[in-house]
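K.L.:
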Amino acid sequence: MADSFDEELELELDDVRLDKLDHDGSAGHPSIDRKLYFRELLRLQGELVKLQDWVQHEKKKVVVLFEGRDSAGKGGVIKRITQRLNPRICRVAALPAPNERERTQWYFQRYVSHLPAGGEMVLFDRSWYNRAGVEKVMGFCTDEQYEEFFKSVPEFERMLIRSGTILLKYWFSITDEEQAFRFSMRIHDPLKQWKLSPMDVEARTRWEQYTKAKETMLERTHLQDSPWWIVDAVDKKRARLNCISHLLSQMPYQAVQHQPVVLPPRVRNPDYHRGPIPPEMYVPGRY
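Quick note, in the UniProt record's numbering, the sequence shown goes up one by one and the last residue is 287.
(1) Can you check the stretch 24-97 for any alpha helix (DSSP H) of at least 4 residues that lies completely inside it and give the ranges in chain order?
(2) Just mark Gln-179 as buried or exposed, buried being the case when its beta carbon has 16 or more other beta carbons within 10 Å.
(3) Rounded to the nearest angstrom, what separates Arg-133 and Met-121 at their Cα positions?
(4) Considering just the uninterrupted stretch of the alpha helix (DSSP H) at Ser-152, what are its terminal residues?
(5) Are at least three pairs of beta-carbons, each pair with one atom in the stretch 36-48 and one in the stretch 83-90, less than 8 Å apart?
(6) Thinking Phe-172 and Val-231 are a contact (beta carbons under 8 Å), I'd like their distance in whole angstroms, please.
(7) Please report the residue range of the alpha helix (DSSP H) in which Tyr-170 lies.
(8) Please classify Lys-136 as buried or exposed, where buried requires at least 16 neighbouring CB atoms within 10 angstroms.
(9) Pull up the distance between the alpha-carbon of Ser-71 and that of Val-63, whole angstroms please.
(10) Taking C-beta to C-beta, are Phe-183 and Asp-200 nearer than 8 Å?
(11) Measuring straight from C-alpha to C-alpha, what distance separates Lys-237 and Thr-216?
(12) Is it buried or exposed for Gln-52, if we count other Cβ within 10 angstroms and need 16 for buried?
(13) Between Gly-285, Leu-115, Gly-73, which lies nearest to residue 290 when the distance is taken from Cα to Cα?
(14) If you reduce the DSSP assignment to three classes, tell me which class Met-121 lands in.
(15) Taking only heavy atoms of the ligand NAP into account, decide whether any of them is closer than 7 Å to the Cβ of Ser-226.
(16) Output needed for Asp-22: all residues of its chain with C-beta closer than 8 Å, excluding positions within five of it in sequence on either side, in chain order.
(17) If you reduce the DSSP assignment to three classes, tell me which class Val-231 lands in.
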């Protein structure tokens, strides 16, 4: 239990620093009580383990898309979801920019290779909706490719659903002021500077263009069988709990009964003798 708390506290170090700074990005709403946050997070992570068992046992295929502006908190939620799950069952797909060859493929082709088989969950940290957002705003696709995306994506998602895939789509929403604050944190924090790319900096100057692209995307791809769910992400802790709780509510998972694990006695062979290990092979004990 102590190790589990230490692991969670390690992830929370960024939030501790953030809470000490005076800013009004949360629009005056106090953050959730820390004890309540930890208690609920651990409870929800326990439910995620049950969900994982159900997905594996029933051979379900689950795809969850996480979209939103830069620094909206998608990665933090994904970390909390996967923190106590088996990476062989629940994995993250965070694709880099397409290379020369991928740019000549059918647009959805490189995403298809990351889709789950039966008994797997895949969390997309940004997804095929890049075309409706960053590619449109930054001019990385033509108007024809942009329009073709909106014609293709409804049928693409319907095909996934007809194949038995459970598809969830989340958009993480933050204010202009909160994004500016989080970018400032990244600029001044050497542990987080790697998160701030030239593309992120450019995005600040195109806030309104990204807003228009988001509104168009939601309007044209909020479908009855694959709707968008908006996560108010100004308060990171509330966003994590709300998103995980909602994700769990969207699947009819049940606890899977397992046979009790019985540890067998160690077999000892009297002819076996453990050989010595040379001292120079050990990692130096500096701590």
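In this text, a Cβ means the ideal position worked out from N, Cα and C, and glycines have one as well.
P.N.:
In terms of the structure at hand:
(1) 34-58, 74-82
(2) buried
(3) A small correction: the amino acid at residue 133 is Gly; Arg does not occupy that position in the sequence shown. Looking at the two C-alpha atoms, the distance is approximately 24 Å.
(4) That run of the alpha helix (DSSP H) goes 143-162.
(5) yes
(6) 5 Å
(7) Segment 165-173 is the beta strand (DSSP E) holding Tyr-170; no alpha helix (DSSP H) there.
(8) buried
(9) 22 Å
(10) yes
(11) 28 Å
(12) buried
(13) Residue 290 is absent from the model: the chain starts at 1 and stops at 287.
(14) strand
(15) Among the components of this structure there are no ligands whatsoever, and the ligand NAP is therefore not found.
(16) Caution is warranted here: a pLDDT of 48 is assigned to Asp-22, below 50, making its placement in the model unreliable, and the coordinate value is therefore given only provisionally. Correct list: empty, nothing qualifies.
(17) strand
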